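Chains A and B, in that order, are what the protein sequence lines are.
For the first sequence, this note's numbering begins at 1 and goes up steadily by one.
For the second sequence, this note's numbering begins at 1 and goes up steadily by one.
Think of the CB as a built atom: it goes at the ideal place given N, C-alpha and C, for glycine as much as any other residue.
The model shown is predicted, which means the values in this text are computed figures rather than measured ones.
To keep things clear, I will list the structure first and then write my remarks on it.
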Amino acid sequence: MISVKNLSHSYNNDGILAINNISFDVAKGETFGFLGPSGSGKSTTQGILTGLLKQQTGKVSVAGYDTMKVQNERFNKIGVSFEQSNVYSKLTARENLKFYAKLFDVPTRDPDELIRLVGLEGKEKVRAGEFSKGMKHRLTFARSMINNPELWFLDEPTTGLDPTIAATIKDIIRERTASGTTCFLTTHNMYIADELCDRVAFIIDGEIVLIDTPKKLKLQYGQKLAEIEYFKDGKLITETLKTIDNADKSRIADIIKNYDVQTMHTKEATLEEIFIQVTGRGLA
Amino acid sequence: MKLLSNYIKEMKIAARGFYFYIEIVIAVIIVSILLFAISEESVSREKEFLFYEAEQELYDYIMDPYFKDGRLVRKESVGFKVKAMDIEVVDQETGEIISHHFDENTIAAETIEQYDTKTGKLDKTIYKVNSYEDMLHLSYSEQSFGAVVKYELDENYKIIDSYKYYIQGYETERFMNILYVLYNENPEVLKEYSDKQNVRVLGDMEKLNNRESMVPIFLTFLGSIMGIVIVVAYLFLDKNERVIKSFAVTPASINSYLFSKIMVILTTVTISSVIITIPVMGTKPDYLQLLLFLYMSTFAMSAIGLFLSSFFDNMTNAFGALFGVVLILLLPMFSYFIPSFDPLWLRFFPTYSMLQGYKTILLGGIELRYVLLYSFIYLIGGIIIFALANVRLRKTLTV
């Protein structure tokens with residue numbers, strides 16, 4: 001669904017590259033996470049893929065269309081949800097979605113159904129300018145589904161949302177991807193990437209340093225650990241021990257035998273920890 | 001269809017914002033001023049201070065016919081309080097400088113109004129004083145034209161008249177030449193000046209009245225100049241809300257997005273122009289011509305606005321350039337009010353042809369060719385500028 005070969009981009013054509021010779025493919029029906037800290041080149045890549053930025057080099061195909069050529073009809077297959085909400089504040093929620101529905105040449109979804117889906121029922125006739133930041137974000141998210149996109153670009157889809165709403169949004173994403181929609185998810189939130197993505201790419205300083213499935217990454221870079229909390233001389237002690245190391249295994253047995261164990265659970269490495277391990281940088 | 005959807009959306013947004021109403025409110029204020037504060041006929045404020053150096057009988061003999069046919073009307077005498085002043089009078093013929101000192105005084109003057117017998121319109125007010133010194137003191141005190149008019153009889157009892165003008169010193173050479181030939185009966189002088197005259201045909205003698213002549217100014221201002229400012233404001237409002245990005249990822253073209261903005265401007269100017277024109281002009285103009293000219297010129301000017309906006313990120317940054325362009329475009333209004341100020345370079349300003357075009361249409365469309373020619377020029381120019389704006393805005397709007 002997406003094919004990127006040797007893509008580079010410089011904003012001022014001054015040799016300073018926002019993205020540097022990146023290549024990757026996203027298969028139809030796949031949820032692909034594009035992960036990296038602010039300024040790593042995520043938005044630049046998404047900008048080129050969605051046609052908001054002019055492609056300078058490399059070869060990019062999106063939904064079967066060459067992005068070097070201006071072909072507006074490709075947007076019939078694409079939906080984009082932006083990180084910063086962008087809806088007409090003087091139009092109501094329904095008017096916003098109705099307007100966008102008329103811009104597509106393919107059958108579109110019922111605006112009221114989408115409004116209900118993102119939890120804004122009852123707000124159909126309220127102007128978006130009166131919405132909270134989270135509500136605007138949900139409306140932007142709903143709009144990205146108006147044309148039943150085959151390829152869905154999501155930029156930080158749960159940022160700024162309360163946990164309940166974020167869970168609803170994640171469910172919607174899961175539901176759509178399960179029905180075959182390809183999803184290109186840009187985020188710096190490793191937890192949502194871990195939950196939703198089939199594969200993830202780590203991008204830093206404009207270069208992709210790693211692409212794989214979260215499971216394989218955890219196996220490759222993660223360590224099998226157990227975290228034990230126990231009382232020793234009246235004090236609560238916490239120890240993290242490797243479950244594959246003989247000395248640590250003996251230590252675990254020793255703690256269980258001699259102390260009052262409060263909690264004990266195995267612990268996998270998170271994507272964030274793997275990112276730090278691979279890139280030497282955090283995601284902030 | 002997408003253009004129509006865009007237009008409906010833009011109209012909803014415009015109707016819920018205040019820019020839309022600003023223009024309509026301004027139009028209502030303008031038409032109120034035109035109807036209630038500006039008279040149809042202009043009131044002449046021109047005044048002259050004259051001293052007649054003539055025997056009373058001779059003066060009466062010459063002037064009585066004018067009073068009888070109503071060209072001159074005697075009004076109440078007035079007294080002018082004038083301050084003390086020193087004046088130097090330069091004789092243009094001899095170069096001689098004569099100094100005068102005048103004390104503070106109250107000068108009595110007979111008031112005579114001069115009317116145009118054809119139109120019945122007041123031409124000027126003449127203040128007849130009793131001495132050369134009073135004329136000089138008053139004309140300089142009031143900074144108005146003064147003259148000594150001398151009537152005498154020669155040995156054959158033929159009336160000899162002579163005129164000596166006293167002007168302030170800032171008048172143009174053209175004006176002085178007109179005074180020189182106005183009452184000059186010397187054939188050599190007249191020939192010399194008539195040979196130098198650049199005769200311009202001013203067209204049909206039909207004129208707009210004082211109130212009507214203001215309409216082209218407001219149509220140009222509201223229809224075109226405000227069009228530039230408001231289209232830029234609409235564009236930057238969208239940029240602030242980042243909605244252009246979401247539009248850019250739909251199959252609709254940026255062309256239709258930009259043109260829908262211009263359509264909103266065209267709708268607004270139609271409303272504001274109708275508000276101003278119908279109450280003042282009634283059924284006199286050809287409204288089809290007026291709308292054609294209005295749409296073409298507004299389209300061109302709105303395209304200029306879009307093109308300008310492509311160089312800036314926000315309204316604040318664009319404001320300086322917008323202000324400059326609007327001021328430049330206002331320059332032809334000087335030529336409109338002061339026909340003697342009509343340099344060639346001014347004719348290249350789009351607002352120059354707009355003023356002339358509206359004037360022509362309001363007169364009843366006697367110069368249809370002019371209206372059609374300039375409508376075509378605006379259309380072609382507008383399309384070119386719109387295309388340039390489109391290319392530039394594609395690159396800058398979504399960044």
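Beta carbon of residue i, beta carbon of residue j: below 8 angstroms?
i	j	result
Leu236(A)	Ile228(A)	no
Ser3(A)	Ser61(A)	yes
Gly364(B)	Pro285(B)	yes
Asn86(A)	Thr140(A)	yes
Phe236(B)	Met315(B)	yes
Lys121(B)	Tyr52(B)	no
Met354(B)	Tyr7(B)	no
Ile217(B)	Val326(B)	no
Lys232(A)	Tyr259(A)	yes
Gln168(B)	Gln143(B)	yes
Val78(B)	Glu104(B)	no
Leu306(B)	Leu258(B)	yes
Lys218(A)	Ala142(A)	no
Closer than 8 angstroms by beta-carbon distance: list the chain A residues that pair up with residue i, in chain order.
i	result
Lys2(B)	Lys102 and Leu103
Ser5(B)	Phe99, Lys102 and Leu103
Lys245(B)	Leu52, Phe82 and Asn86
Ser253(B)	Asn72
Lys9(B)	Tyr88, Leu91, Glu95 and Phe99
Ile13(B)	Tyr88, Lys90 and Leu91
Find the residues of chain B that neighbour residue i, judging by a C-beta separation of less than 7 angstroms, and give them in chain order.
i	result
Thr50(A)	Val249
Ile165(A)	The contacting residues do not exist; Ile165(A) stays about 21 angstroms from chain B at best.
Phe75(A)	Val249, Thr250 and Pro251
Measure the beta-carbon distance from residue i to residue j and round it to whole angstroms, keeping in mind my assumption that it falls under 8 angstroms.
i	j	result
Ala63(A)	Leu151(A)	5 angstroms
Pro350(B)	Ala300(B)	7 angstroms
Ile275(B)	Ile24(B)	7 angstroms
Glu152(B)	Ala27(B)	The Cβ separation is near 60 angstroms, so there is no contact.
Met296(B)	Leu379(B)	5 angstroms
Ile30(B)	Ile159(B)	Contact flag wrong, Cβ pair sits at about 52 angstroms.
His9(A)	Leu53(A)	7 angstroms
Leu7(A)	Gly58(A)	4 angstroms
Ile211(A)	Phe24(A)	6 angstroms
Residues of chain A with a CB under 9 angstroms from the CB of residue i: which are they?
i	result
Glu23(B)	Ordered by position in chain A, no residue passes the 9 angstroms Cβ test against Glu23(B), which lies about 18 angstroms from the chain.
From residue i to residue j, what distance separates their C-alpha atoms?
i	j	result
Tyr352(B)	Tyr88(A)	38 angstroms
Ser310(B)	Leu393(B)	5 angstroms
Ile254(B)	Lys69(A)	16 angstroms
Leu362(B)	Thr125(B)	31 angstroms
Met85(B)	Met135(B)	13 angstroms
Phe75(A)	Val261(A)	58 angstroms
Phe293(B)	Glu207(A)	56 angstroms
Leu72(B)	Arg174(B)	27 angstroms
Tyr66(B)	Thr117(B)	10 angstroms
Val89(B)	Glu48(B)	18 angstroms
Ile290(A)	Val232(B)	Beyond the ends of chain A as shown, which are 1 and 284, falls residue 290(A); an answer cannot be given.
Leu97(A)	Ile146(A)	7 angstroms
Arg74(B)	Ala147(B)	19 angstroms
Asn240(B)	Phe145(B)	59 angstroms
Gly120(A)	Ile192(A)	The identity of residue 120(A) in the sequence shown is Leu, whereas the question assumes Gly. Leu120(A) and Ile192(A): Cα-Cα distance of roughly 22 angstroms.
Pro37(A)	Glu83(A)	14 angstroms
Thr279(A)	Asp14(A)	26 angstroms
Thr177(A)	Thr31(A)	7 angstroms
Glu57(B)	His101(B)	32 angstroms
Gly357(B)	Phe221(B)	14 angstroms
Tyr36(B)	Ala321(B)	Position check: residue 36(B) holds Phe in this sequence, whereas Tyr was assumed. Those two C-alpha atoms are separated by around 36 angstroms.
Met264(A)	Asp110(A)	50 angstroms
Lys12(B)	Tyr19(B)	12 angstroms
Gly203(B)	Glu367(B)	In this prediction, Gly203(B) scores a pLDDT of 49, lower than 50, which makes its location untrustworthy; no coordinate-derived value is stated.
Ser32(B)	Glu40(B)	14 angstroms
Ser40(A)	Ala389(B)	32 angstroms
Val249(B)	Glu73(A)	10 angstroms
Tyr221(A)	Asp205(A)	21 angstroms
Whose Cβ in chain B lies nearer than 9 angstroms to the Cβ of residue i?
i	result
Tyr65(A)	None at all; the shortest Cβ gap to chain B is about 12 angstroms.
Arg143(A)	Ser246
What residues of chain A sit near residue i, judged by a beta carbon separation below 7 angstroms?
i	result
Asp241(B)	Before going on, a small fix: residue 241(B) reads as Glu here, not Asp. Result: Asn86, Tyr88 and Ser89.
Arg16(B)	Lys90
Along chain B, in chain order, which residues have C-beta atoms closer than 8 angstroms to that of residue i?
i	result
Ile78(A)	Val249
- Message: Restricting to runs no shorter than 4 residues, where is the alpha helix (DSSP H) found entirely within the stretch 277-329 of chain B?
- Response: 287-309
- Query: In the stretch 200-236 of chain A, which residue ranges form an unbroken alpha helix (DSSP H) of at least 4 residues, counting only runs that do not cross its ends?
  - Reply: 214-221
- Item | Runs of beta strand (DSSP E) lying entirely within the stretch 93-181 of chain A, each at least 3 residues, in chain order | 151-155
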